[in-house]
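What follows is a short report on a single structure.
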Amino acid sequence: MCREPSQQKNFRTNIVLKKLVSIARQASLMKFLSSEEHQCVTHKETKRIFCMETRIYLCQLCSDSHMHRGHRHCPIEAAAEGEMERLLQQMTSLWEKIQEI
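Spelled out as structure tokens, the structure:
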């Protein structure tokens, strides 16, 4: 495999491939969420909520509890998407630094 940087800079997004990747990620996430480790020990429900304050996964009942009331919550899918974006930004920044060397 060639490790030389490409001279082409204006790549086009393959919309069909982008949609397929999105579907695959969603299916993978659903499989991941249905695993035993993502079941709330207390309520036996699937943890589908991410507490942004404590950075842990919660079931709906736990997110409504007094321990997490007042915390910012979001669906796990949104949290995962946010983390992906953050990682992509870091990778882009690192790639730009490598290109400067």
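So the sequence shown is numbered by the UniProt record's numbering: it starts at 1 and just counts up by one.
Where a beta carbon is used, it is the ideal one built from N, C-alpha and C, also for glycine.
Small disclaimer: the values here were computed from a predicted structure and weren't measured.
Classification of residue i by the beta-carbon crowding that lies within 10 angstroms, buried from 16 upward
i	result
C62	buried
F50	buried
K47	buried
Host alpha helix (DSSP H) of residue i (start-end)
i	result
C62	60-63
K97	76-100
Straight-line Cα distance separating residue j from residue i
i	j	result
A80	E96	24 Å
residue 102	H73	Since the first residue of the chain shown is 1 and the last is 101, residue 102 is not available in this structure.
K15	R25	According to the sequence shown, residue 15 is Ile rather than Lys. Cα-Cα distance, rounded: 15 Å.
E85	H66	31 Å
H68	E83	21 Å
Those residues which DSSP pairs with residue i across a bridge
i	result
I56	C51
Q39	T46
H73	C51
Cβ-Cβ distance between residue i and residue j below 8 Å
i	j	result
Y57	H71	no
C59	E45	yes
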